[in-house]
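> Pasting a structure here, questions to come.
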Amino acid sequence: MPARAFASILLGSLLLSSGAGAQGLQPVDLELVLAVDTSTSVDAEEFALQSQGLAEAFLHPDVVAAIRFAGTRGVAVTLIHWAGEARQATAVDWHVVRDGRTAAEFSAKISASPRAIRGLTDIAGAIGFSVNSMEANNYLGARRVIDISGDGSSDARRSEAARVAANARGITINGLVIHNKDIDLGELANIDLREHYANHVIGGPGSFMMTARNFEDFRTAIRAKLVREITGPVSAAID
């Protein structure tokens, strides 16, 4: 299916899923989807490193300070696991973080969430699932961001179409590329994956991409990325 046609169908489904609109929704400063790659290329140890890194990030003073900086209404955040086509699942449901206590609650939920999905790699599916989760929640964000982290690429045209549909809904997509030495062919593969994310995945106001050298580096990278995403355009303008 051509990318333009796929984008039109996807956008139409998202419009239908938005239901009655913004009435009755709780205002928040940010809606944030953390979309974590749990495809077959991510082994058990690497999955544990991702989960641990995310859980630790929400306990870190820098992230807690960013949450407070974002505003008084809080940050509504959810964690999804994604892999191949039609292989996505909510690992931690929507939770509003406003301070150290509520961030610690979300951290504990991440730590307690088992791996939900395995399979191939479908970035378009991850974006579409994330958008639908935003449209179906009970929050109305002043900003809306999808944080996609992954160690592989997928069909470029479908990813672009999903990005177009998400951007049309006012949603920014950021990327965290993980260089997985177990499946990549050296530094060249890492550069190609960065180009794939830059050209076909990230987009929207203030969008950006970061790189983790490996899964061990994910902890540091995700913390820096969360601070930049949560604080918003002021931080995003600083590279």
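Quick note on the numbering used here: the sequence shown kicks off at -5 and runs consecutively. Built from N, CA and C at the ideal position, the CB exists for glycine as well.
In the DSSP assignment, the beta strand (DSSP E) including SER143 goes from what residue to what residue?
SER143 -> beta strand (DSSP E) spans 138 to 144.
> Restricting to Cα atoms, I'd like to know which of ALA150, TRP76, GLY65 and ASP186 is closest to GLY226.
If we check each option's Cα against that of GLY226, GLY65 comes out closest.
> If I'm right that LEU187 touches SER147 with Cβ under 8 Å, what's the distance once you round it to whole angstroms?
Between SER147 and LEU187 the Cβ distance is about 6 Å, and since that is below 8 Å, they are a contact.
> CB LEU24 to CB ASN132, shorter than 8 Å?
Not closer than 8 Å, so no.
> For VAL69, which beta-bridge partners are listed by DSSP?
Partner(s): LEU24 and VAL91.
> Report the rounded CA-to-CA distance for GLY122 versus MET204, giving the unit in angstroms.
Spanning the two alpha carbons is a distance of roughly 21 Å.
> Please go through the stretch 103 to 136 and give each complete alpha helix (DSSP H) segment of 4 or more residues, from N-terminal end onward.
DSSP runs (the alpha helix (DSSP H)) wholly in the stretch 103 to 136: 117 to 130.
> If I follow the unbroken beta strand (DSSP E) through ILE167, where does it start and stop?
Start and end: 166 to 172.
> For the alpha helix (DSSP H) that contains THR225, what are its first and last residues?
From DSSP, the alpha helix (DSSP H) with THR225 extends over 212 to 225.
> Counting only C-beta atoms, is VAL69 closer than 8 Å to chain B at any point?
Protein chain content of the structure displayed is limited to a single chain, and chain B is not contained in it.
> For a test of the three-state rule: what should DSSP assign to ALA29, helix, strand or coil?
ALA29 falls in the strand class under three-state DSSP.
> If we ignore side chains and look at the alpha-carbon of each, how far apart do ALA80 and ASP149 end up?
Their Cα atoms are separated by approximately 14 Å.
> Per DSSP, which residues does ILE74 bridge with? Please list them.
The partner list for ILE74 (beta bridge, DSSP) reads ALA29 and THR84.
> How about GLY144 and ASP37: do their beta carbons lie closer than 8 Å?
No, they are not a contact pair.
> Quick check: the Cα distance between THR214 and GLY47, rounded to an integer number of angstroms?
Those two C-alpha atoms are separated by around 8 Å.
> Roughly how many whole angstroms lie between the Cα atoms of ALA206 and ASP87?
So the two alpha carbons sit approximately 26 Å from each other.
> Could you give the DSSP three-state label for GLY197: helix, strand or coil?
Looking at GLY197 - three-state DSSP - the assignment turns out to be strand.
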